[in-house]
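Peer 1: Pasting a structure here, questions to come.
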Amino acid sequence: SMSAGAQTLYEDRAKTITLVGGLTALAVGVYSARSATRVAGRVLERHLSRPPLVRETSRWSWRPQLSWLPGRGTSTNLFDKIVLEEALSERLQWSTNALLSAQQNGTPFRHLLLHGPPGTGKTLFARTLARQSGLDYAIMSGGDLGPLGRDGPNELHKLFEWAQRSRRGLVLFIDEADSFLRRGRGGEGTMGEDARNSLSVFLHHTGTESARVAVILATNVPTVLDRAVLDRVDEEFEFPRPAFEQRNQMLRLFIDQYLLRSSKGGKSLIEVDAALDDKFWEDWATWGICPGPPHPFPGKEPSSVLERWRRGATSLHQMTRRTFARGSNLSLATGAVG
């Protein structure tokens with residue numbers, strides 16, 4: 376019985392010591408297992424997980440990517456698929472070479488500022504630059520910090536710590552940078568406490584030169600950025616709306632990449648109407664892709680228009696004047712498409 380067993384333990388000191396020791400060891404083991412599991416989880420989270428602020432990255436993690444990322448080094452020329460004016464292209468190529476040299480020699484990276492209207496190639500350039508250089512890259516949007524409230528500064532801090540652990544070096548592209556890096560400290564305007572703290576975190580992590588992280592900021596209006604942020608920028612690049620030559624090149628790339636090369640088993644997947652000849656595309660490039668008068672569908676950016684064409688042509692397996700009109704939100708009756 377239980378009373379007899381208790382009496383035996385009471386009388387036999389060796390058994391009592393053995394029992395107490397066993398129970399203590401068991402308790403210590405359970406506590407240690409819990410602690411080890413908790414620590415291991417934190418280590419795995421720190422090294423394998425992707426910070427919530429990262430929308431897209433080339434760094435491996437156990438969390439799924441937002442989009443499929445092409446392989447590195449697939450093109451010998453960085454600007455093969457980026458249409459830019461010649462002067463801007465040359466300046467960007469120089470900065471790209473400087474980034475590659477810094478990576479090879481272990482010297483500090485330069486921070487860049489890209490500004491211009493949406494859809495002019497800023498994000499594409501940053502992504503392509505990182506991929507071709509062999510660096511990792513990560514993309515975040517400044518607009519994602521606001522909804523995080525008080526957690527925003529801490530999450531931004533985690534993002535920079537995560538970026539610093541990249542072995543290859545990392546290009547951190549911050550889109551809509553003006554969302555949290557704008558002027559407003561002191562007497563320059565009004566800024567919430569969370570936004571000020573996020574700005575302080577950014578300034579803290581970019582206050583010294585780094586051979587691990589290259590920051591590329593993108594904004595539509597660079598004049599609203601905080602002065603301290605601008606002081607950390609080594610070079611600024613304006614991405615203007617495409618002129619006729621660039622619009623024509625964009626159309627040619629679209630036709631070549633999504634229409635002519637769209638095939639399976641040697642058979643084209645998209646049939647292109649003969650009415651969409653060179654004259655048609657050149658006429659449309661003259662006035663049709665740049666927002667503003669006499670643009671027939673104002674407010675549409677080049678990249679979004681071309682993407683709608685691609686989806687429409689792929690789903691219907693053909694590109695006709697009617698497909699073109701639907702992708703551009705036009706009516707054939709207006710005569711805008713010929």
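Going by my numbering, the sequence shown opens with residue 376, and the numbers climb by one from there. Just so you know, even glycine gets a beta-carbon here, dropped at the ideal spot from N, CA and C.
Using CA coordinates, which residue listed in Ala477, Ala513, Ala618 and Ile549 is at the minimum distance from Arg540?
Peer 2: Ala513
Peer 1: In three-state DSSP terms, what is Leu534?
Peer 2: helix
Peer 1: Suppose you measure from the CA of Phe484 to the CA of Thr432; what does that come to, to the nearest Å?
Peer 2: Taking C-alpha positions only, Phe484 is separated from Thr432 by approximately 19 angstroms.
Peer 1: Suppose the cutoff is 6 angstroms on Cβ atoms and the five residues either side in sequence are ignored; what does the same chain contact list for Phe548 look like?
Peer 2: Closer than 6 angstroms at the Cβ level, and outside the excluded window around Phe548, lie Ala501, Ile514 and Ile591.
Peer 1: Can you check which of these residues, Asn472, Val596, Ser585 and Asp658, is closest to Pro492 by C-alpha distance?
Peer 2: Val596
Peer 1: Kindly indicate the opening and closing residues of the beta strand (DSSP E) around Thr432.
Peer 2: Val429 to Thr432
Peer 1: Between Arg557 and chain D, is any beta-carbon pair separated by less than 8 angstroms?
Peer 2: Included in the structure is just one protein chain, with no chain D present.
Peer 1: Using a Cβ-Cβ cut-off of 8 angstroms (strictly less than) and excluding sequence neighbours within five positions of Val599, which residues of its own chain qualify?
Peer 2: Asp553, Arg557 and Arg558
Peer 1: May I have the straight-line CA-CA distance separating Glu551 from Gly517, to the nearest angstrom?
Peer 2: 5 angstroms
Peer 1: From Lys654 to Trp537, what distance separates their C-alpha atoms?
Peer 2: 51 angstroms
Peer 1: Mind checking which residues open and close the alpha helix (DSSP H) that includes Ala618?
Peer 2: That residue, Ala618, is in no alpha helix (DSSP H); it is neither H nor E in DSSP.
Peer 1: Look up Asp609 in the DSSP assignment and say whether it is helix, strand or coil.
Peer 2: coil
Peer 1: Ends of the beta strand (DSSP E) at His490?
Peer 2: Taken as a continuous stretch (DSSP letters only), the beta strand (DSSP E) holding His490 covers Leu487 to His490.
Peer 1: Whose C-beta lies closer than 6 angstroms to the C-beta of Thr594 among residues of the same chain, with five residues either side of it excluded?
Peer 2: His490, Ala552 and Asp553
Peer 1: Can you check which of these residues, Gly396, Glu610, Leu520 and Gln479, is closest to Pro427 by C-alpha distance?
Peer 2: Leu520
Peer 1: Looking only at its own chain, which residues have a Cβ that is under 6 angstroms from the Cβ of Thr495, when we skip the five neighbours before and after it?
Peer 2: Only Phe614 meet the Cβ criterion.
Peer 1: Buried or exposed, going by whether 16 or more other CB atoms sit within 10 Å of the CB of Val405?
Peer 2: exposed
Peer 1: Does the beta-carbon distance from Leu510 to Val458 come in below 8 angstroms?
Peer 2: Cβ atoms of Leu510 and Val458: not closer than 8 angstroms.
Peer 1: Based on Cα-Cα distance, which residue from Phe619, Phe577, Arg587 and Glu620 lies nearest to Asp606?
Peer 2: Phe577
Peer 1: Residue range of the alpha helix (DSSP H) that Leu463 falls in?
Peer 2: Glu461 to Asn480
Peer 1: Among the residues of its own chain, which have a CB less than 8 angstroms from the CB of Val418, if the five just before and after it don't count?
Peer 2: With a pLDDT of 46 at Val418, under the threshold of 50, the modelled position of that residue is not reliable, and the figure given next carries that caveat. Excluding positions up to five away in sequence, the list is empty.
Peer 1: Roughly how far, in whole angstroms, is the beta-carbon of Ser508 from the beta-carbon of Gln468, given that I think they are within contact range, below 8 angstroms?
Peer 2: Rounded, the Cβ-Cβ distance is 12 angstroms, inconsistent with contact.
Peer 1: Specify, as a first and last residue, the run of the beta strand (DSSP E) that Ala589 falls within.
Peer 2: First-last of the beta strand (DSSP E) with Ala589: Val588 to Thr594.
Peer 1: What did DSSP end up calling Ser516 once you bin it into helix, strand or coil?
Peer 2: The answer is strand: DSSP assigns Ser516 an E or B state.
Peer 1: Give the straight-line distance between the Cα atoms of Gly527 and Glu568, rounded to the nearest whole angstrom.
Peer 2: 11 angstroms
Peer 1: Can you tell me whether Asp601 is buried or exposed, with buried defined as 16 or more other CB within 10 angstroms of its CB?
Peer 2: buried
Peer 1: Looking at Leu504 and Asp609, is the spacing between their C-beta atoms short of 8 angstroms?
Peer 2: no
Peer 1: In three-state DSSP terms, what is Phe655?
Peer 2: Per DSSP, reduced to three states, the secondary structure at Phe655 is helical.
Peer 1: Within the continuous alpha helix (DSSP H) that includes Asp569, where are the two ends?
Peer 2: Counting along the chain, Asp569 sits inside the alpha helix (DSSP H) bounded by residues Glu568 to His580.
Peer 1: Out of Ala408, Glu460 and Leu398, which has the shortest C-alpha to C-alpha gap to Pro617?
Peer 2: Glu460
Peer 1: Quick one: residues in its chain with C-beta nearer than 8 angstroms to the C-beta of Gly544, no 5 flanking neighbours on either side, listed in chain order?
Peer 2: Sequence-distant partners of Gly544 (beyond 5 residues in either direction) whose C-beta falls short of 8 angstroms from its own C-beta, in its chain, are Gln478, Phe484, Leu510, Asp511, Ala586, Arg587, Val588 and Ala589.
Peer 1: Under 8 angstroms Cβ to Cβ from Ala473, same chain only, skipping five residues before and after it: list those, please.
Peer 2: Arg485
Peer 1: Just to confirm, are Phe612 and Arg466 a CB contact at a threshold of 8 angstroms?
Peer 2: yes
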